[in-house]
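A.B. asks: Going by the working numbering, the first residue of the sequence shown is number 36, and it counts up by one from there.
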Amino acid sequence: MPELSLAIAIKGPWDCAELASDLQAAGAISPRIDIWVACDRPPADPVDGIEVVVREGMSLFQMWGDLIARCRSPYVAVLHGSAPPAPGWAQAMLASLGLHQALCGPVEPGYPPSDPRVIGYLVEYCQFHRPIAQAMNEVPGNNLVLAKSMLEGDSCIERDGFSKTRMLGAGEFRAEWVNGAPVLHRRPFELLPFFRRRFRHARAYGAIRLAGPGAPPRTVLILCTLFLPLLRVSRIIRHAWRRPSLRFAVMRHLPAIVAAETCWSAGEFVGYVTTHTGNVALLD
């Protein structure tokens with residue numbers, strides 16, 4: 036039986052042959068690893084060795100939950116189709132299996148600093164570029180390996196899909212960083228759709244957070260959204276400044292970053308006020 040299952044979710048157009056090539060370069064095409072992909076569009080070019088499950092109308096989190104239920108390996112890697120593992124990923128992760136219940140790796144930019152598509156990386160994953168401090172409490176949702184025993188019988192995963200935010204908030208795991216196992220953020224990027232996606236995710240996050248155990252008072256959460264853009268943008272700048280190449284990128288794209296984080300803050304505000312997640316099937 037394979038030691039590790041890859042649970043890769045992706046929504047929208049994707050290229051199975053390109054993904055297979057990336058996995059081959061990462062060392063993930065191996066008898067020690069089986070590969071599952073959940074998508075909402077069947078691939079035009081299926082590849083042997085990659086099990087594809089078409090799930091229309093599901094959110095990304097529900098896709099991951101569906102794949103986790105199918106995987107039979109002792110460990111499951113939660114990955115995104117537009118952030119493939121980098122060369123060396125498989126070797127580094129496989130070497131760490133059995134030492135910890137939860138592992139995670141860095142997220143590196145897949146586009147050069149001058150490319151506008153790097154905006155998505157800066158806004159969502161800049162804090163996860165190398166080197167990573169082991170004391171960091173947050174983990175990336177697209178480069179996470181968990182023992183299957185941690186996930187079995189979890190009614191929330193079966194009902195709502197996999198959410199690392201919920202599991203972290205409930206104190207269900209603490210991940211060990213594997214700095215030698217990065218993924219490359221290559222997500223397609225268009226400015227206005229990106230703003231809409233930030234709003235949708237934040238609205239769902241706000242509604243779910245408010246309903247969760249130990250949530251602060253609703254009025255406090257609503258008032259805090261007024262200061263969120265400043266706090267979130269300053270955090271992005273602080274993390275980007277640790278790497279010289281990203282300093283240029285964050286200053287060049289600062290107006291778009293501010294707009295994106297304003298959209299996120301507006302989404303959280305709506306989630307707290309309405310207590311509705313919106314259409315979770317649109318979350319990608």
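Note that the Cβ used here is the ideal one computed from N, Cα and C, for glycine as well. As the structure is a prediction and not an experimental result, all values here were calculated from the model.
Compute the Euclidean distance between the alpha carbons of H288 and L157, then round it to the nearest angstrom.
C.D. replies: Cα to Cα, H288 sits roughly 9 Å from L157.
A.B. asks: Report buried or exposed for T312, applying the criterion of at least 16 other Cβ atoms within 10 angstroms of its Cβ.
C.D. replies: Classification of T312: buried, given that the 10 Å Cβ count is 16 or more.
A.B. asks: Report the partner residues of W71 according to the DSSP bridge assignment.
C.D. replies: In DSSP, W71 forms a bridge with A42, E86.
A.B. asks: Is there contact between the region 71-89 and the region 133-153, where contact requires at least three CB pairs shorter than 8 Å?
C.D. replies: No contact exists between the region 71-89 and the region 133-153.
A.B. asks: So, with DSSP's three-state summary, where would you put W212?
C.D. replies: W212 falls in the strand class under three-state DSSP.
A.B. asks: Please classify E159 as buried or exposed, where buried requires at least 16 other C-beta atoms within 10 Å of its C-beta.
C.D. replies: It counts as buried.
A.B. asks: Can you list, in chain order, the residues of its chain whose CB lies under 6 Å from that of G92, leaving out five sequence neighbours each side?
C.D. replies: Closer than 6 Å at the Cβ level, and outside the excluded window around G92, lie A316.
A.B. asks: What are the start and end residues of the alpha helix (DSSP H) that includes Y338?
C.D. replies: With the chain covering 36 to 319 only, the question about residue 338 has no answer from this structure.
A.B. asks: Check this for me: beta carbons of A216 and G306, under 9 Å apart or not?
C.D. replies: Contact flag unset, no.
A.B. asks: Could you tell me which residues DSSP puts in a beta bridge with C51?
C.D. replies: DSSP lists no partner for C51.
A.B. asks: Quick one: which unbroken alpha helix (DSSP H) runs of 4-plus residues sit fully inside the region 220-271? Chain order, please.
C.D. replies: Whole alpha helix (DSSP H) segments, 4+ residues: 226-246, 253-259.
A.B. asks: Taking the continuous alpha helix (DSSP H) assigned at Y146, which residues delimit it?
C.D. replies: That residue, Y146, is in no alpha helix (DSSP H); it is neither H nor E in DSSP.
A.B. asks: Quick one: Cα of E225 to Cα of H274, how far?
C.D. replies: Roughly 23 Å separates the two Cα atoms.
A.B. asks: What whole-angstrom Cβ distance do V89 and A284 have, given they're in contact under 8 Å?
C.D. replies: 36 Å between Cβ atoms; not a contact.
A.B. asks: Would you tell me roughly how many angstroms separate the C-alpha atoms of L186 and N172, rounded to the nearest one?
C.D. replies: Rounded to whole angstroms, L186 to N172 spans 20 Å at the Cα level.
A.B. asks: Excluding sequence positions up to five away, which residues of its chain have a Cβ less than 7 Å from the Cβ of M202?
C.D. replies: F208.
A.B. asks: Do P120 and V218 have their beta-carbon atoms positioned less than 9 Å apart in this structure?
C.D. replies: A contact, by the Cβ cut-off of 9 Å.
A.B. asks: So for V285, helix, strand or coil by DSSP?
C.D. replies: Helix.
A.B. asks: Going by DSSP, what residues sit across from Y110 in a beta bridge?
C.D. replies: In DSSP, Y110 forms a bridge with L39, A182.
A.B. asks: Tell me which residues share the same chain as I68 and place their Cβ nearer than 6 Å to its Cβ, disregarding the 5 neighbours each side in the sequence.
C.D. replies: So the qualifying residues of the chain are P37, L39.
A.B. asks: On a CA-only basis, which of G133, Q97, E86, Q136 is nearest R194? Give me that one, please.
C.D. replies: Comparing Cα-Cα distances from R194 to each of G133, Q97, E86, Q136, the minimum goes to Q97.
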